[in-house]
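Undergrad:
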Amino acid sequence: MNFASKQTATQSSPPSCLPWPREIVDKASWLALAESLAKGERELLSLWGETSCVHMAVLEPREPRLRIVTFECPEDSFPSVGRLHPPALRLERAIHDLYGLKPEGTPDHRAWLDHGRWGVRQPCGARHEINTVCDPYTFLTTEGEPLHLIPVGPVHAGIIEPGHFRFSANGETVVRLEERLGFVHKGVDRLMGGASIERAAQIAARVSGDSTVAYSLAFAQAVEAAFDVAVPPRATYLRALMAELERLANHFGDIGAICNDAAFALMHAQRGLVRERILREAASCFGHRLMMDRIAPGGTVVNLRQDNAAALYALVDWIELMTPRLIALFGDTTSLQDRTVGTGVISEALVKQYACGGYIGRASGRAFDARKAIGYAPYPQFAFEIGASKEGDVDARVWVRFDEIKASLKIVRQILDEAPGGPVIGAWALPEDWTREGAALVEGFRGDVFVWLRIRADGVVQRCHLRDPSWFQWPLLEAAIKDNIVADFPLCNKSFNCSYSGHDL
Amino acid sequence: MQKFLLQGLLRSALTEQAPTPDATSMAELGYTLERTARQKLGRSLSIREVDAGSCNGCELEIHALNNAYYDVERFGLRFVASPRHADVLLVTGPVTKNMREALERTYAATPDPKWVIAVGDCAFDGGVFCESYACIGAVAKVVPVDLHIRGCPPDPTTLLKGLIAFVETMS
């Protein structure tokens, strides 16, 4: 089935993407936009393919913050953005692997997600069967003093996701790290095409399990934008509550894991308790520990009972009591500081070039948070400060997460205080006239999750693009570890905690 | 730090009572392990976790088994870093084609006697990803599976019930 059929040409009214319109641009405008990205005048948010066209979303310095443009490529090629702006390179390699569209002039022709194991090439484009077992892959070379290679993965030593890391080291010092990802590619783009909204929502919730709320919320917001669905006010508060609980649980879990990678098990144990209590409360409030499938287009599928709200107050009280103690435990343990301070530094220039979101960007001086920049409901109602630092090391990323914990606790309290009553899901129907497009940008714990989708009038998803924040964070991990010792890689990696599944899709 | 350590000494343990082993798991296992294997391993099992394409939801819950509430090590179950040290592979995910060889090689690297426990709905039948060109589906299509623990993801109590059932059939 060719799910990305050219229905746009035949429908009764041209689809205008909501809330940010999508424009079709010519080659000159496409290139001009790529050049302005390279100059740092605007930031790349995503780049994705479809049969015979590519789309690009950019962040503008002024309102409206998002701009989506399309370049039609009947010749199955488009001017490479990555040639001018390296953050686009992996996205372009993925577009070529999945859709067969060639980025003209790209400096990197290697496959990215396609390891030659699918039995098919260009599964979302002009698919054709192949009979290879596996493709060879050329890693970048390292030259100079006597170097040794340390290949790691895809199966790692911990209980973590699979990916391959290749270190070139000079003694203990890492000269180059090259990542090879795509091991958990599950074919999400193609599964989405032709799916009902309900099924598509289930798939979106399973793109990255640790961000299931963020993905469900982004997907729901994009559908709601496309069909102009009004969400009941109470539902927006409950969604934000789930999103903040997810953020808290992940921050607590990750800070503990970072400390554990520096052999400081006490913090790991203490933080594990906080995380567990949050998940248990989530299960008792919403019926699922990770709050999977709790958000649907139109609202939420569960309501919050009065007794659950009381239990959440008690939980927030307890975490607010524990947080300063845990901060002191982190800050006062000099042997831990010895490992985290000055380790895995990322420059401000690099996070800005890559438009790197989440705590990684914020720890290096890029103060972007979709909750503030886009200001989706109910966040404009809340007063909260986002974490910020300019140090850019492992330590700064931990401190930014501590700040985000404080902010989230404050938001949870405000939600519990101010959540209005009323229904949690609004009735809505498909308009049955023409195909609609919608987009959303939502702040997950890891950074901004971008969703763009097109849904036919009969409620079938034609194309749904889900962009994980990790796309612009993984490349920076390669920069962070450079000139650090191999033994500090787990610390750097955990302080990033990029998603493999969300990236590989 | 002293405060935390002191508190740890004074406070009673947070670890909760062990759940009863899962009856369906016992039925699925349905066999008693060979006497020699039992003698060698006793009740102590080393587990190597392999993510064969999961969304990381299962990993989060497997991680939780190590926290003080569940304390999986009290049952003699320990997570190890290498398949060479493992008795049991705990496999998650709809086995992506890009991970198939890695899973097969991990299985081959695990010394006999060995067992495979497939965790999560994806590992059971591919879950929501079962129709994908990029996934094989059930873990059982790639390596022999001794026990399935279902759920999306299974919560730590469900995981414990399955794992205890596994240890029980051994002893």
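If you read the protein sequences in the order shown, they are chains A and S.
Residue numbers for the first sequence, in my numbering: 1 to 505.
Residue numbers for the second sequence, in my numbering: 1001 to 1171.
Even for Gly, the Cβ is constructed at its ideal location relative to N, Cα and C.
1. In the stretch 1139-1153 of chain S, which residues sit with their C-beta less than 9 Å from some C-beta in chain A, listed in chain order?
2. I'd like the ranges of any beta strand (DSSP E) spanning at least 3 consecutive residues and lying wholly in the stretch 396-475 of chain A.
3. Check each residue of the stretch 166-187 of chain A: if its Cβ is closer than 7 Å to any Cβ of chain S, include it; give the result in chain order.
4. Report back the beta-carbon spacing between residue 484 of chain A and residue 254 of chain A to the nearest angstrom; my notes put them in contact at under 8 Å.
5. Can you check whether the C-beta of residue 245 of chain A is within less than 8 Å of a C-beta belonging to chain S?
6. For residue 108 of chain A, which residues of its own chain have a beta-carbon under 6 Å away from its beta-carbon, when the five flanking residues on both sides are left out?
7. Between A/313, A/283 and A/311, which has its C-alpha nearest residue 302 of chain A's C-alpha?
8. Flag this pair as touching only if the stretch 209-226 of chain A and the stretch 282-300 of chain A have three or more C-beta atom pairs under 8 Å; answer yes or no.
9. Thinking just about the alpha-carbon of each residue, which of A/359, A/263, A/183 and A/114 is nearest to the one in residue 1055 of chain S?
10. State the beta-bridge partners of residue 151 of chain A as determined by DSSP.
11. Work out the CA separation of residue 1166 of chain S and residue 1044 of chain S for me, nearest whole Å.
12. If you draw a straight line from the C-alpha of residue 55 of chain A to the C-alpha of residue 376 of chain A, how long is it?
13. Find out if the Cβ-Cβ distance for the pair residue 244 of chain A, residue 408 of chain A is shorter than 8 Å.
14. Would you please state the rounded distance, in angstroms, between the beta carbons of residue 91 of chain A and residue 125 of chain A? I believe it to be under 8 Å.
15. Any C-beta of chain S sitting closer than 8 Å to the C-beta of residue 161 of chain A?
16. Where residue 262 of chain A and residue 1137 of chain S are concerned, what is the direct C-alpha to C-alpha distance, given to the nearest angstrom?
17. Measuring CB to CB, does residue 452 of chain A end up less than 8 Å from residue 222 of chain A?
18. Since residue 447 of chain A and residue 208 of chain A should fall inside the 8 Å C-beta cutoff, what is the C-beta to C-beta distance between them, to a whole number of angstroms?
19. Run through chain A and tell me which residues come within less than 9 Å of residue 1094 of chain S, C-beta to C-beta.
20. Using the three-state DSSP reduction, which class does residue 49 of chain A fall into: helix, strand or coil?
21. Taking the straight line between their C-alpha atoms, what separation do you get for residue 1153 of chain S and residue 471 of chain A?
22. Counting contacts by CB-CB distance shorter than 8 Å, is residue 1107 of chain S in contact with chain A?
23. Looking at the strands, I want to know which residues DSSP matches up with residue 72 of chain A.
24. Taking a contact to mean a Cβ-Cβ separation below 8 Å, would you say residue 1098 of chain S touches residue 166 of chain A in this structure?
25. If we cut at 8 Å on Cβ distances, does residue 1137 of chain S have a partner in chain A?
26. Exposed or buried, what is residue 128 of chain A when buried is set at 16 or more other beta-carbons lying within 10 Å of its beta-carbon?
27. Would residue 374 of chain A pass as a contact of residue 476 of chain A if the rule is Cβ separation under 8 Å?
28. At the 8 Å Cβ level, is residue 1023 of chain S part of the contact set with chain A, yes or no?
29. With distances taken between CB atoms, is the gap from residue 227 of chain A to residue 436 of chain A smaller than 8 Å?
30. Give, in chain order, every residue of the stretch 20-50 of chain A whose Cβ lies closer than 7 Å to some Cβ of chain S.
31. Do the stretch 459-466 of chain A and the stretch 33-41 of chain A touch if we need at least three Cβ pairs shorter than 8 Å?
32. Tell me which residue opens and which closes the alpha helix (DSSP H) that residue 318 of chain A is part of.
33. At a CB-CB cut-off below 7 Å, which residues of chain D make contact with residue 202 of chain A?
34. Skipping 5 residues on each side, what residues in its chain have a beta carbon closer than 6 Å to that of residue 365 of chain A?
35. Do you know how far the Cα of residue 196 of chain A is from the Cα of residue 1 of chain A?
36. Below 8 Å on the Cβ atoms is my guess for residue 190 of chain A versus residue 123 of chain A; work out the distance and round it to an integer in Å.
TA: Reading it off the structure:
1. For the stretch 1139-1153 of chain S, the beta-carbon criterion of a distance under 9 Å to any beta-carbon of chain A is satisfied by 1152 and 1153.
2. Counting whole runs of 3 or more residues, the stretch 396-475 of chain A contains the beta strand (DSSP E) stretches 436-443, 448-455 and 461-467.
3. Across the stretch 166-187 of chain A, CB contacts with chain S closer than 7 Å involve 182, 183, 184, 185, 186 and 187, in sequence order along the chain.
4. Wrong, their Cβ atoms sit about 19 Å apart, outside the cutoff.
5. With 8 Å as the cut-off, residue 245 of chain A does not count as an interface residue toward chain S.
6. Annotation for residue 108 of chain A: 89 place their beta carbon closer than 6 Å to its own, counting only its chain and skipping 5 residues before and after.
7. Nearest of A/313, A/283 and A/311 to residue 302 of chain A, Cα basis: A/283.
8. With a cut-off of 8 Å, the stretch 282-300 of chain A and the stretch 209-226 of chain A count as touching, because enough Cβ pairs lie within range.
9. When C-alpha distances from residue 1055 of chain S are compared across A/359, A/263, A/183 and A/114, the shortest belongs to A/183.
10. Partner(s): A/166.
11. One C-alpha to the other measures close to 11 Å.
12. Cα-Cα distance, rounded: 23 Å.
13. The criterion of a C-beta distance shorter than 8 Å is satisfied by residue 244 of chain A and residue 408 of chain A.
14. Between residue 125 of chain A and residue 91 of chain A the Cβ distance is about 16 Å, and since that is not below 8 Å, they are no contact.
15. Output row for residue 161 of chain A: interface = yes.
16. Cα-Cα distance, rounded: 37 Å.
17. The criterion of a C-beta distance shorter than 8 Å is satisfied by residue 452 of chain A and residue 222 of chain A.
18. Rounded, the Cβ-Cβ distance is 11 Å, inconsistent with contact.
19. The answer, in chain order, is 186.
20. Strand.
21. Going by the C-alpha atoms only, they are around 25 Å apart.
22. It does not: the Cβ of residue 1107 of chain S has no partner Cβ on chain A nearer than 8 Å.
23. Looking at the DSSP assignment, residue 72 of chain A forms a beta bridge with A/53.
24. Cβ distance not < 8 Å, so residue 1098 of chain S and residue 166 of chain A don't count as in contact.
25. Any Cβ of chain A closer than 8 Å to the Cβ of residue 1137 of chain S would place that residue at the interface, and such an atom is absent.
26. By the neighbour-count criterion, in which a residue is buried when 16 or more other Cβ atoms sit within 10 angstroms of its Cβ, residue 128 of chain A is exposed.
27. Taking 8 Å as the Cβ cut-off, residue 374 of chain A and residue 476 of chain A do not qualify as a contacting pair.
28. No, because no Cβ of chain A sits closer than 8 Å to the Cβ of residue 1023 of chain S.
29. Their beta carbons are under 8 Å apart, which means residue 227 of chain A touches residue 436 of chain A by this criterion.
30. Within the stretch 20-50 of chain A, no residue qualifies.
31. Segments in contact, no.
32. Per DSSP, residue 318 of chain A belongs to the alpha helix (DSSP H) from 306-331.
33. Among the protein chains of the structure shown, namely A and S, there is no chain D.
34. Within the same chain, residue 365 of chain A has close Cβ partners 348 and 390.
35. Legend: pLDDT at residue 1 of chain A = 35, less than 50; position of this residue unreliable, value from coordinates given subsequently. For residue 1 of chain A and residue 196 of chain A, the distance between alpha carbons rounds to 15 Å.
36. Yes, they are in contact, since the Cβ atoms of residue 190 of chain A and residue 123 of chain A sit about 6 Å apart, within 8 Å.
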